[in-house]
């Protein structure tokens, strides 16, 4: 069984806030849900499937389902970090294809900015996590585990800090057109390299923003999608994968997107060369470079050359990416960037991206993400979406 | 790559965060207190692995402790030059095969390079538990391993 053509994304909403000290996390989830349902032209009572991940307050999906007072026949709280919401779209399509629900709501929200959280802080020790007794003393943080991947990539393939910086430069070119973006100034390669070194070779401007906010998506049966007034965005293919330390056979040069990407393209019946626009989770510049290689937009080791010289900038480059400014410039709500990747892909396919960054005749897009920690244990999810 | 800190990376003995205890790590800690560095190898498939587990991550066979050489090479690392004192987090590939998450200590930042030989050194966490770190070998300023653990 395939999900290709079995479900559509009918609603997408990105919360405009980037700092919300006076709102609860549940409230942000609910505001995002209301926004996505309004975008679809559906009501709360149409929802019969609910999807969320670890950013949702309370036990799994239960507290948010209760806060929203939903009537459900399908629940899913799969958590693979920031990639969860990309996987949720696929899971929603599977549930719809098998008749488990008809209208699926996916929400994400959080306020790490107001709470003062960042990726340079030590991660909370989870006592029963099997790796904790072996890794806690070394202070693994989000940024230093991604930095080791960048360092090793540079060692094996000659990838330079200048090449990584081009990814941020491209994101900033897009963010200048987004009035909600946290960082709207266009930056240069020199600006990135001149920003403070956080974890060698990653500079501050190689890192995503920390923002409050949220987002939501509504996925529905094709018959429902066709009854609505919005442009049709079809779920065509999906892939999901995981990679860890492999019992000590550590290899930091590839990500689980090497597995999730080809699976998504195969199900959709398309190849990377067919893709007009790519939303690529950009927790750090290296995250983008790794996924570009692993999805097959270029050969392994060629990512540095591929992203250089503006090749990711809409209108001039070969692979327009993250035209909202991405996590690097626009928004990274709940420190989880997956949902905004799907939202901007939907905007592009609908022709509703900012005119300055809208990709012409954008009929095929990919949204892909890495959740967790690229340098130790992470999940990947890839989604191929098409305009009808 | 572009680390420019010239501040020496210290041992930080007694200043490492404490790890949560586990029945699976207790024998490792006990041996480390005697200065012995253990890893686990499968009695069924014969492969060594890291981090140590009761069940083999390659075949789910039974595993057993063995003493390891403490020799390895740097697989990858990052220098956290903004921290005071500067710190590293690294992967070291052990002579026995597995690659482990660790820190590189007691060296100049310029001594760090992928492929560089390193030797185990136990440092102590805040509660005195041994922590397996590594220091580069064959350096001009190489000293005898710290007595400590």
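Residue numbers (the numbering used here), protein chains in the order written: chain A, 19 to 406; chain B, 1249 to 1397. Quick reminder that beta carbons are idealized off the backbone N, C-alpha and C, glycines included. Bear in mind the structure is a predicted one, so any value in this text is a computation, not a measurement.
Using the DSSP secondary-structure output, state which residues sit across from residue 169 of chain A in a beta bridge. Residue 169 of chain A pairs with nothing; no bridge assigned.
Is it a yes or a no for the region 398-405 of chain A touching the region 377-387 of chain A, going by three-plus beta-carbon pairs under 8 Å? yes
9 Å is my cut-off, CB to CB: does residue 1270 of chain B come that close to chain A? yes
Any idea what DSSP makes of residue 317 of chain A, helix, strand or coil? coil
Counting Cβ pairs closer than 8 Å, one from the region 72-83 of chain A and one from the region 44-52 of chain A, do we hit at least three? yes
Hey, quick one: how far does the alpha helix (DSSP H) through residue 305 of chain A stretch, first residue to last? 303-312
Hey, would you say residue 1208 of chain B sits closer than 9 Å to residue 156 of chain A, going by beta carbons? Since the first and last residues shown for chain B are 1249 and 1397, residue 1208 of chain B lies out of range.
Can you give me, in chain order, the residues of the region 169-203 of chain A that have a beta carbon less than 7 Å from any beta carbon in chain B? 169, 170, 172, 173, 179
Short of 7 Å Cβ to Cβ, which residues in the region 1347-1368 of chain B face chain A? 1347, 1348, 1349, 1350, 1351, 1362
Closer than 8 Å between beta carbons: that is the criterion. Which residues of the region 1316-1339 of chain B meet it against chain A? 1323, 1324, 1325, 1326, 1327, 1328, 1329, 1330, 1335, 1337, 1338, 1339
Are residue 67 of chain A and residue 121 of chain A closer than 9 Å when you measure CB to CB? yes
At a CB-CB cut-off below 7 Å, which residues of chain A make contact with residue 1306 of chain B? 265
Among residues of its own chain, excluding the 5 on either side of residue 243 of chain A, which ones have a beta-carbon nearer than 7 Å to its beta-carbon? 26, 28, 250
Less than 8 Å between the CB atoms is what I'm expecting for residue 218 of chain A and residue 263 of chain A, so what's the real figure, rounded? The pair is not a contact, with the Cβ atoms about 21 Å apart (cut-off 8 Å).
Please state if the CB of residue 165 of chain A and the CB of residue 331 of chain A are separated by a distance shorter than 9 Å. no
Around the C-beta of residue 19 of chain A, are 16 or more other C-beta atoms found within 10 angstroms, so that it is buried, or is it exposed? exposed
Could you name each continuous beta strand (DSSP E) segment of 3 residues or more that falls completely within the region 270-299 of chain A, going from the start of the chain to the end? 295-298
Considering only DSSP beta bridges, list what residue 255 of chain A is partnered with. A/402
Could you name each continuous alpha helix (DSSP H) segment of 4 residues or more that falls completely within the region 323-379 of chain A, going from the start of the chain to the end? 344-347, 356-368
Short CB-CB distance (under 9 Å) between residue 1267 of chain B and chain A: yes
In the DSSP assignment, find the unbroken beta strand (DSSP E) run with residue 200 of chain A in it and report its ends. Taken as a continuous stretch (DSSP letters only), residue 200 of chain A belongs to no beta strand (DSSP E), as it is neither H nor E.
Please go through the same chain and pick out, in chain order, the residues whose beta-carbon is closer than 6 Å to the beta-carbon of residue 1295 of chain B, but skip the five residues on each side of it. 1306
For residue 111 of chain A, the three-state DSSP class (helix, strand or coil): helix
How would you call residue 73 of chain A, buried or exposed, if buried means at least 16 neighbouring beta carbons within 10 angstroms? buried
Just to confirm the assignment, what range does the alpha helix (DSSP H) spanning residue 184 of chain A have? 179-193
Terminal residues of the continuous alpha helix (DSSP H) containing residue 140 of chain A? Careful: residue 140 of chain A lies outside any alpha helix (DSSP H) and carries neither H nor E.
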